[in-house]
Amino acid sequence: MCFNFIMPPAMADILDIWAVDSQLASDGSIPVDFLLPTGIYIQLEVPREATISYIKQMLWKQVHNYPMFNLLMEIDSYMFACVNQTAVYEELEDETRRLCDVRPFLPVLKLVTRSCDPGEKLDSKIGVLIGKGLHEFDALKDPEVNEFRIKMRKFSEEKIQSLVGLSWMDWLKQTYPPEHEPSILENLEDKLYGGKLIVAVHFENCQDVFSFQISPNMNPIKINELAIQKRLTIHGKEDEVSPYDYVLQVSGRVEYVFGDHPLIQFQYIRNCVMNRTLPHFMLVECCKIKKMYEQEMIAIEAAINRNSSNLPLPLPPKKMRIISHVWENNNPFQIVLVKGNKLNTEESVKHYPVAWVNTMVFDFKGQLRSGDIILHSWSSFPDELEEMLNPMGTVQTNPYTENATALHIKFPENKKQPYYYPPFDKIIEKAAEIASSDSANVSSRGGKKFLAVLKEILDRDPLSQLCENEMDLIWTLRQDCRENFPQSLPKLLLSIKWNKLEDVAQLQALLQIWPKLPPREALELLDFNYPDQYVREYAVGCLRQMSDEELSQYLLQLVQVLKYEPFLDCALSRFLLERALANRRIGQFLFWHLRSEVHIPAVSVQFGVILEAYCRGSVGHMKVLSKQVEALNKLKTLNSLIKLNAMKLNRAKGKEAMHTCLKQNAYREALSDLQSPLNPCVILSELYVEKCKYMDSKMKPLWLVYNNKVFGEDSVGVIFKNGDDLRQDMLTLQMLRLMDLLWKEAGLDLRMLPYGCLATGDRSGLIEVVSTSETIADIQLNSSNVAAAAAFNKDALLNWLKEYNSGDDLDRAIEEFTLSCAGYCVASYVLGIGDRHSDNIMVKKTGQLFHIDFGHILGNFKSKFGIKRERVPFILTYDFIHVIQQGKTGNTEKFGRFRQCCEDAYLILRRHGNLFITLFALMLTAGLPELTSVKDIQYLKDSLALGKSEEEALKQFKQKFDEALRESWTTKVNWMAHTVRKDYRS
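Structure, rendered in C-alpha cells:
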C-alpha cells in the first residue's frame, strides 16, 4: 500500500499569491488563528500587510471578551511566536515586521511570554537565512557534526572579539578591504589618510576523498557480510507474468580505494527468485559475498599485540575509503522473465548500476572503525564512472533511508581499546630513521640526460598518464624535483608507491621543506587524485598567498572541492571561513555558493554547518543577506504565478498582473534598497516597475530594472531565472574573466565583457543585464523588411554602430568591436561554446561585442536529425569582417591586425593550458550536464593543442580560423532560420 502525503505550502507563498489574485483576497485580509497562554483559540481576519505590533493590538481588543482574561499579564509582557518556513520555532521579537514578511508555515500565531535567550533567537535567524533549521544538525546526534560546530562557534566568537575595540578606520579596513590595482595598494595608507579615498558609512535609525598492491598480511578490515535491501518495481501486466516466477541476478563489488585507485576488491553474485504471489514488489535480502579476495586479519592483530597503545606503521592510508556498488543484470529496474527459476541464457547480459555507497576506514578522529554499521546507498551515477564504482562520491550516507539500498558492513571489534592512526610526529620520526640508515634515499641526483627526460615528463599536461618507468624516475629524482622543478609536486605524488611505508614517510618529510607553489599551480593539489591530508594542508598553505581578488576568481572551484573532503574539519573549510570573515565580498559569494547547493542531500550537512559558522562570525552581515534571501523568495513566488497565468493570459495582461504585484507594499519594500547578490558594491535602490517585464522563454525569466541612486546611473538591470541551472553559465563566465585577466597580464586588452551571473538556489539565480546593448538578431531584423533576408544584410551591424557613433567615436566603436570580436572568437573556440545563434551574441552601442547563454560548452554543439547545425569552430561572419574593415572591402590591414590579435590571444591561453584543465577538473563534482568525467575535459587539451609545439599549435589554430571563414555561410543559414522563427513568434 502506498500513501502520498501533500505538505501544505508555506504561509508566505499563500500570502504572495493572495496579494496578486484579487479573487482570493479582495479585501487584503486573511484568517489567522491565535493561541493564547490560557489555552483559548481566537480567529481573526487580519490585514496581510499589518505589522506584528498592530496585529497584537487587534488581538488584545478581542481577548477581553473571552474567559480567563484576568489571568493574562500586561500586553508588553507578550510577543508572538510561530513555526517558520524551515520548520523552526521562531519568536517574533521585532514587532515592526509585517505579517506578509514573517513567512510562518501556517497562519497560526501563538502568544508567549517574552524570553531573553539571545542564543535561541540567533539560531532561529540563522536557520531561516541558510534555509535549513539548526535543529536538523542536533537531531543527527553525529559526534563529528557536533564537534565541528563547537569548534567553529569558538572560531567565530574569536573573530568577533578581534574586531571589538578597533577604530572605525581599522574596522572598515578589516571588514571591507579596498579593492584596487596593485599600484594603488602600494600607497593605500596615503590614500586613506590623505583624503583621496572617501568612505560613506550609513547608520540605520539608531535601533539598534592511490595505486598499490596490498600484502595479504596487511589487510586490516574484513567484510563478513553485505546485506542488500532494494525495492524494485516490476514492470508489466499481471496476466502476462502470472504463470512464471521472476529471477533477478544481483551482483556487486566492494573495493578499498585511495583517490581513484583500487587497493582490494571483493565481488559477490546472487540469483534471487521472486514468487508470483508478489506481483508488484520484491525484497532482495542477505546476499552473501562470493569472495575473490579472502584473507584474515593476521597481520593487523599481530601488530596490535605488539603495540597496545596505538596502531603502528605500516598501515593503509589514513584517507582510504571503502566503496560498494550494487548491479542489476539486463535492463535497470526490470525483471527477467524465465521458466523453472533459471536465468534466460539466450539473452545477452548487460550490467546496470543500481546503488553505491562509500565510507571511510578511519573516522574523523583518526580512529580505526569497528563494529557493525548500516550504510544507506545512493542511486544516482555520474557518467562513465560505473566501472570504477564511484570513488569521487560522498562518504555521507543517504539521509533518505526509506527507499535506499541498505548495506550492512561489519568491521572487526576493537575489544580492549580504540586504535588510532599514527600521529604526524611518529611518521616524521620514521622518515628520519630511514634517512639516517640509507643516505641514498636522502640525496639522489640525476645526470643531465636524466634531468632532460625528467623535464619532458614534468611539462606534460595534467591529463597525461605516466607509465611505471616514468613514475620510478620521478621518485628516484625527487630531490632534483624539489630543487629544480618544484611545480612537479603533483606528478611526484602520482608516482609514489603508497603501500611502501618508507616512501610515504619520506614524502611527508619532503613536504615540510618543499618550496611554496604559486596559488594557481597549487590548485591542482586539491583535486580528487590527491586525498592525503598533509598534501591538502600544504596546498591550502600555498593558497594563503592569494589576494582577495585572486581568491574571488577561484572561489567557485574551492567550494566544489570541499566535496572531496571526507571530514568537516579540514584545512580548506577553515581557510575559506577565515578569508570570508575577513572580507564581506568574499563572504557574500561564499554564502551564495554554499546556499545554492544546500538542498543537495550529499552536501546538505557539510555546507549547512559551514554556513552556520559564517553567520555566527558575521552577525552584522546577516541582515544584508536576509534582505537578499527575502527578495529572492518574492521573485520566485512571482515567477511561479506568471508561469501559471501564462496559459490563460495574453502577454499584455500578464505584464499588467506582474506590475500590479510589484506595486504591492510587500514586494516593493522587499525588492528595494538591497545589496545586489551579483555585486555587493551595487545597491538596488528602487524598482522601475513600468520597465519590468518577463521574457518569452519557457521558464519566464523576470527582467527587473532598478533606478540606481547611489552611483548616479540611469538604471541597473537584473534577470531572475527560476527553473534553469545557471552553474554552467557561471563556470563559462568565470573562464572568460580568467582569459581577460591572462591577456591583460600579457599586455593584451581584448575588451571582454563577462557579465555577472550567480546561482542562488535549486535551479534559480540572477544574471546581470548589460545596458545599451542589443542582440545581433534584433539589429538585423530591425534593418530589414523581410525576416528571411535579415541575416544576409552585411551592412546592418555597421549601420547600427554608425547610428550611435560618429567621427572619432565611430573609430573607437569599431576598435572596440574588433578587439572584443577577437577575444570571443578565441574564447568560444577554446571552450567549445555551442548554440551560437544570433540571439546569443550581443553588441553594445559603444561597439563592444559579447556572448551570452552558455548552455552548451566543451564541443557539445547542437544537432538536428543527426546533422550538426554548427559546423564552424567559432563564429566569424562576413558582416563582422565588414565592421572590422570599416566597411571597406580592400582594408586588409585592419583584418590582418584582427587575425594577429586572435593568434596572439590563442598562444597566451595555451601557455596557461594546465590551469584551465585544473579548474575544469575541480568542477567534476558539480554535476553539470556537460562536465561529468575527465573525458569531457579532453576537449580543452585538443583545442589548446597541448602536447604539440607552439608552431604546431599555431598552425592548427590558423587552420581553424580559415575554416571559420570558409564555412561562415552555414552560420548565416542557421541565423536566417532562427530569425524567421523569432519573427513568426512575435
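Quick note: to get the working numbering, add 3 to the position in the sequence shown (first position is 1). Ideal placement from N, C-alpha and C gives every residue a C-beta, glycine not left out.
For residue i and residue j, what's the separation of their Cα atoms in angstroms?
i: Ala-90; j: Met-733; result: 32 Å
i: Arg-740; j: Ser-32; result: 49 Å
i: Asn-87; j: Gly-130; result: 10 Å
i: Asn-361; j: Trp-381; result: 9 Å
i: Thr-763; j: Asp-551; result: 22 Å
i: Tyr-69; j: Leu-674; result: 40 Å
i: Leu-476; j: Lys-897; result: 51 Å
i: Pro-704; j: Asp-781; result: 19 Å
i: Leu-74; j: Met-61; result: 19 Å
i: Phe-923; j: Asp-743; result: 17 Å
i: Ile-431; j: Lys-503; result: 15 Å
i: Ser-786; j: Ser-809; result: 19 Å
i: Tyr-423; j: Thr-400; result: 23 Å
i: Ser-643; j: Gly-726; result: 10 Å
i: Gln-962; j: Tyr-909; result: 13 Å
i: Ser-700; j: Ala-967; result: 30 Å
i: Thr-974; j: Lys-494; result: 43 Å
Does DSSP put residue i in a helix, a strand or coil?
i: Pro-522; result: helix
i: Glu-48; result: strand
i: Asn-843; result: coil
i: Tyr-909; result: helix
i: Phe-531; result: coil
i: Ser-776; result: strand
i: Ile-163; result: helix
i: Thr-763; result: strand
i: Asn-149; result: helix
i: Ile-437; result: helix
i: Gly-720; result: strand
i: Cys-904; result: helix
i: His-596; result: helix
i: Arg-619; result: helix
i: Phe-367; result: coil
i: Gly-810; result: coil
i: Gly-768; result: strand
i: Ser-971; result: helix
i: Leu-694; result: Here the sequence assigns Lys to residue 694, which means Leu is not the residue at that position. If DSSP states are grouped into helix, strand and coil, Lys-694 belongs with the helices.
Got a sec? Which residues, its chain only, sit under 6 Å from residue i by beta carbon, not counting five neighbours each side?
i: Asn-863; result: Gly-837, Glu-933
i: Leu-756; result: Gln-851, Phe-853
i: Leu-861; result: Gly-835, Glu-933, Asp-939, Tyr-942
i: His-662; result: Val-692
i: Pro-683; result: Arg-588, Gln-591
Beta-carbon within less than 7 Å of residue i's beta-carbon, same chain only, minus the 5 sequence neighbours each way: which residues are those?
i: Arg-117; result: Ser-80, Tyr-81, Met-82
i: Glu-600; result: Val-606, Phe-610
i: Ser-971; result: Val-875, Leu-879, Thr-880, Tyr-881
i: Ile-920; result: Asp-464, Pro-465, Leu-466, Ile-940, Leu-943, Lys-944
i: Tyr-179; result: Arg-587
i: Ser-498; result: Leu-469, Met-474, Ile-477, Trp-478
i: Met-549; result: Pro-522
i: Thr-404; result: His-379
If I'm right that residue i touches residue j with Cβ under 8 Å, what's the distance once you round it to whole angstroms?
i: Arg-539; j: Leu-529; result: 6 Å
i: Leu-102; j: Arg-51; result: 6 Å
i: Ala-825; j: Leu-753; result: 6 Å
i: Arg-839; j: Ile-887; result: So it is not a contact: roughly 18 Å between Cβ atoms.
i: Ala-84; j: Glu-98; result: Actually they do not touch by this definition, with Cβ atoms about 12 Å apart.
i: Ile-770; j: Lys-724; result: 7 Å
i: Leu-558; j: Phe-592; result: 6 Å
i: Glu-615; j: Leu-912; result: Incorrect: roughly 40 Å between the Cβ atoms, too far for contact.
Sorted by chain position, which residues of the same chain lie with C-beta nearer than 8 Å to residue i's C-beta, five sequence neighbours on each side aside?
i: Lys-154; result: Asp-572
i: Lys-113; result: Phe-37, Leu-38, Phe-83, Ala-84, Cys-85
i: Cys-760; result: Leu-681, Leu-729, Asp-732, Met-733, Leu-736, Gly-768, Leu-769, Ile-770, Glu-771
i: Lys-666; result: Val-692
i: Gln-556; result: Gln-737, Arg-740, Leu-741, Leu-744
May I ask whether a heavy atom of the ligand MN can be found less than 7 Å away from the beta carbon of residue i?
i: Ile-940; result: With respect to the ligand MN, the structure shown offers nothing to examine, as it has no ligands at all.
Touching or not, the region 604-618 and the region 636-648, by the rule of three or more beta carbon pairs under 8 Å?
As far as the Cβ criterion goes, the region 604-618 does not touch the region 636-648, which means the pair count is below three.
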